[in-house]
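Participant:
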Amino acid sequence: MSLIEDLQWRHAVKAYDSTKKVSEEDLNKILEAARLAPTSSGLQPFRVVVVENQELKKQMVKGALNPEVMRDSSHVLVFAAWDNYSAEKIDKVYDYHTDVRELPRGRFSSYTDQLKVIYGAQTAEENFAHTARQAYIALGLAMAQAAELKIDSTPAEGFSSEVVDEILGLKELGLKSVTLLYLGYRDSENDWLSKMKKVRIPMDEFIIKK
Ligand SMILES: Cc1cc2nc3c(=O)[nH]c(=O)nc-3n(C[C@H](O)[C@H](O)[C@H](O)COP(=O)(O)O)c2cc1C
């Protein structure tokens, strides 16, 4: 199947078969797609927390829009972004880049100095809005990879970030949850959306040609 067919196949699943689990092999492919996502300046300013533990999921549903969807999914991926940028974080990433590329540390310092000035002049909220945007790119790639594997998913912003951050101890890691991605296998009987047509605005309205 082509990528387009995979994207036509997928939908935001509204009911999962709680007896079906995503294999570790498939899960790793989905996580790898997220890890390979491009990010602004290559900083990868987010992490993906994998929650399979049913007890944790039960706690995380508090404040969720679709608690049963989260509960019955095989895994919950929590896309959690840096709560702020800092000179230390930027240096850590770029030291890693130069080490992997066998370049002298500081090779990119004229560039990272500019990043430190730009992010240093912004508020933590502005910087978090930027780190969160990077996480969404990974969310999209993870969904596309899941679809290619015929694994269902539901992106979900309908959850309490306070609850999830607290349960997963994200604050201590300098992270804040941005969005969730439920993974699993659809329960076609109970998933009201699975029988409906996919709706997108027409291409000629979506694309603005100049
Ligand atoms: C960032 C994001 C957040 C979303 N949050 C929720 C959510 O909390 N609950 C839900 O049922 N669907 C959620 N959705 C699913 C959208 O409603 C759905 O993707 C959209 O209506 C298009 O339908 P389709 O994905 O089935 O093609 C979210 C989608 C995105 C991209």
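Going letter by letter, the sequence shown gives residues -6 to 203 in our numbering. Think of the CB as a built atom: it goes at the ideal place given N, C-alpha and C, for glycine as much as any other residue. All figures in this text were calculated on a predicted structure; none of them were measured in a lab.
Quick one: grab the DSSP three-state call for Ala73.
Facilitator: Reduced to three states, the DSSP call for Ala73 is strand.
Participant: Report the three-state DSSP secondary structure of Asp(-1) (helix, strand or coil).
Facilitator: DSSP places Asp(-1) in helix when its eight states are reduced to three.
Participant: With hydrogens ignored, establish whether the beta-carbon of Leu(-4) is closer than 7 Å to any heavy atom of ligand 1.
Facilitator: Answer for Leu(-4): no, Cβ out of range of ligand 1.
Participant: Any chance you could list the alpha helix (DSSP H) runs of at least 4 consecutive residues sitting entirely within the region 84 to 167, in chain order?
Facilitator: Within the region 84 to 167, the complete alpha helix (DSSP H) runs of at least 4 residues are 102 to 113, 117 to 141 and 154 to 161.
Participant: Roughly how many angstroms lie between the CA atoms of Phe72 and Leu168, to the nearest whole one?
Facilitator: Computed Cα separation, rounded: 9 Å.
Participant: For the region 127 to 141 against the region 98 to 114, do three or more pairs of beta-carbon atoms, one drawn from each stretch, fall closer than 8 Å, so that the two count as touching?
Facilitator: Segments in contact, no.
Participant: In the DSSP output, what is Thr172 paired with across the bridge?
Facilitator: Phe72.
Participant: Hey, out of Gln115, Glu159, Gly99 and Leu96, whose CA is closest to Tyr78's CA?
Facilitator: Among Gln115, Glu159, Gly99 and Leu96, the Cα nearest to that of Tyr78 belongs to Gln115.
Participant: I want to know whether the region 8 to 18 touches the region 59 to 76 - three or more CB-CB distances under 8 Å.
Facilitator: Yes: the two stretches touch, three or more of their Cβ pairs being nearer than 8 Å.
Participant: For Val41, list the residues DSSP reports as bridge partners.
Facilitator: Paired residue(s): Phe72.
Participant: In the DSSP assignment, find the alpha helix (DSSP H) that holds Ala26 and state where it starts and stops.
Facilitator: From DSSP, the alpha helix (DSSP H) with Ala26 extends over Glu17 to Arg28.
Participant: Given a cut-off of 8 Å on the beta-carbon distance, is the pair Ala74 and Pro97 in contact?
Facilitator: Taking 8 Å as the Cβ cut-off, Ala74 and Pro97 do not qualify as a contacting pair.
Participant: Any heavy atom of ligand 1 inside 7 Å of the beta-carbon of Pro148?
Facilitator: Yes; taking the cut-off as 7 Å, the Cβ of Pro148 has a heavy atom of ligand 1 nearer than that.
Participant: Name the two residues that bound the continuous alpha helix (DSSP H) containing Met(-6).
Facilitator: From DSSP, Met(-6) is part of no alpha helix (DSSP H); its letter is neither H nor E.
Participant: Going by DSSP in three states, Gly56 sits in which element: helix, strand or coil?
Facilitator: Here Gly56 sits in coil by DSSP.
Participant: Spell out a yes or no on whether the region 83 to 96 and the region 179 to 193 are touching, meaning 3 or more CB-CB pairs, one atom from each, closer than 8 Å.
Facilitator: The region 83 to 96 vs the region 179 to 193: no contact.
Participant: Between Ser33, Thr32, Leu58 and Asn21, which lies nearest to Thr154 when the distance is taken from Cα to Cα?
Facilitator: First, the amino acid is wrong: residue 154 is Ser here, not Thr. Selected option, being the one with the closest Cα: Leu58.
Participant: Would Ile23 be called buried (16 or more neighbouring beta carbons within 10 Å of its own) or exposed?
Facilitator: Buried, since its Cβ has 16 or more Cβ neighbours within 10 Å.
Participant: Would you say the beta carbon of Thr124 comes nearer than 7 Å to a heavy atom of ligand 1?
Facilitator: It does not: the Cβ of Thr124 is nowhere closer than 7 Å to a heavy atom of ligand 1.
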